[in-house]
Amino acid sequence: MKHILLLFTTLLTLAVSCAQQTDYSMYLTAEEVPNAVYWLPAPPAPGSTQFEYDLSQYEWGKQQRLDSARARKAINEAVYEVDDMIAQFCGAFGMEISAEKTPAIHKVVKRAVETIRLSATKPKATYMRTRPYAYFDEPTLVPEEEEELRTNGSYPSGHTVRGWGMAMLLCEINPAAQDELYKLGYEWGQSRVIAGYHWQSDVDASRMLAAATYARLHTDPDFLRDMRQARREFRRLANR
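Residue 67 is where the sequence shown starts when you use this note's numbering, and the numbers rise one by one after that.
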């Protein structure tokens, strides 16, 4: 009986430990993140001076596709899942990030990026802006996503919100890598213009939205605790 009780206790402890390690719930709710519909300008209207810039950037993006390396980069950066994004940011960060090797860093980045992503929900639903490839009825670099995203709002860019947010988060953990991280974060957004899925103003607005939500995260005790643990983990691994 004692052996059965001990086995049950061990299994329960292990289950609780695993649950804690895989707690990737968001730090804030959709109501708590900054409401971009209130403070961020609406997307440029067709015929406006601002929209002319969007049109010129759309043509710029198509020209960038002629560079095969840049086109491949834009395709690679079309990933949606945070873990797939993390894999592409490891080089700029200077360390492999994974749930196994860097659990604290992985946890705060995954939870925070998913939280930052929430900030794009309201403006997307409010404006339902037509994406450039749908506006012109032209192909993109990622054709398999065209049908699904045709009816998904273009403003702001969810990919850019996540990419710029991830760059800021990782920079806080490893400031020495700031230039490479911000370069990648910036290019991540431009890849959406090059791929044909977003107007430039979508991308520009997304960087502002990500920055606002990132600042808001610093008022959350759980985020601050997780970030401290992530920085300690980074310092320990970096000094090996």
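Just so you know, even glycine gets a beta-carbon here, dropped at the ideal spot from N, CA and C.
Among the residues of its own chain, which have a CB less than 7 Å from the CB of residue i, if the five just before and after it don't count?
{"i": "Pro-189", "result": "Ala-102, Val-103, Leu-106, Tyr-221 and Pro-222"}
{"i": "Cys-156", "result": "Glu-162 and Ile-163"}
{"i": "Pro-233", "result": "According to the sequence displayed, residue 233 carries Ala and not Pro. For Ala-233, where only same-chain residues beyond five positions count, the Cβ hits under 7 Å are Leu-247, Tyr-248, Leu-250 and Gly-251."}
{"i": "Gln-295", "result": "Ala-170"}
{"i": "Met-293", "result": "Val-174 and Glu-238"}
Run the CB neighbour count on residue i, radius 10 Å, all protein chains shown included, and call it buried at 16 or more, exposed below.
{"i": "Trp-344", "result": "Since the first and last residues shown for the chain are 67 and 306, residue 344 lies out of range."}
{"i": "Pro-109", "result": "buried"}
{"i": "Ala-281", "result": "exposed"}
{"i": "Arg-273", "result": "buried"}
{"i": "Arg-301", "result": "exposed"}
{"i": "Gln-123", "result": "buried"}
{"i": "Ser-267", "result": "buried"}
{"i": "Tyr-146", "result": "exposed"}
Who are the Cβ neighbours of residue i in its own chain at under 8 Å, not counting the five residues just before and after it?
{"i": "Pro-241", "result": "none"}
{"i": "His-172", "result": "Ile-152, Ile-163, Ser-164 and Ala-165"}
{"i": "Glu-299", "result": "Thr-168, Pro-169, Ala-170 and Ile-171"}
{"i": "Pro-112", "result": "none"}
Can you give me the Cβ contacts of residue i inside the same chain, cut-off strictly under 6 Å, excluding the 5 residues immediately before and after it?
{"i": "Val-148", "result": "Lys-176 and Val-179"}
{"i": "Ser-257", "result": "Ala-140 and Glu-143"}
{"i": "Tyr-90", "result": "Lys-176 and Arg-177"}
{"i": "Lys-128", "result": "none"}
Q | Every unbroken alpha helix (DSSP H) within the stretch 190-250, with a cutoff of 4 residues, ordered by chain | A | As far as the stretch 190-250 is concerned, its whole alpha helix (DSSP H) runs of at least 4 residues are 198-202, 212-215 and 224-239.
Q) Along the chain, which unbroken stretches of the alpha helix (DSSP H) at least 4 residues long are found entirely within the stretch 120-155? A) Those alpha helix (DSSP H) runs which fall completely within the stretch 120-155 and span 4+ residues are 134-142.
Q) Are at least three pairs of beta-carbons, each pair with one atom in the stretch 269-289 and one in the stretch 172-186, less than 8 Å apart? A) Remark: three or more beta-carbon pairs, one from each stretch, lie closer than 8 Å, so the stretch 269-289 and the stretch 172-186 are flagged as touching.
Q.
Quick test of the definition: if touching needs 3 or more C-beta pairs under 8 Å, does the stretch 195-202 touch the stretch 259-275?
A. With a cut-off of 8 Å, the stretch 259-275 and the stretch 195-202 count as touching, because enough Cβ pairs lie within range.
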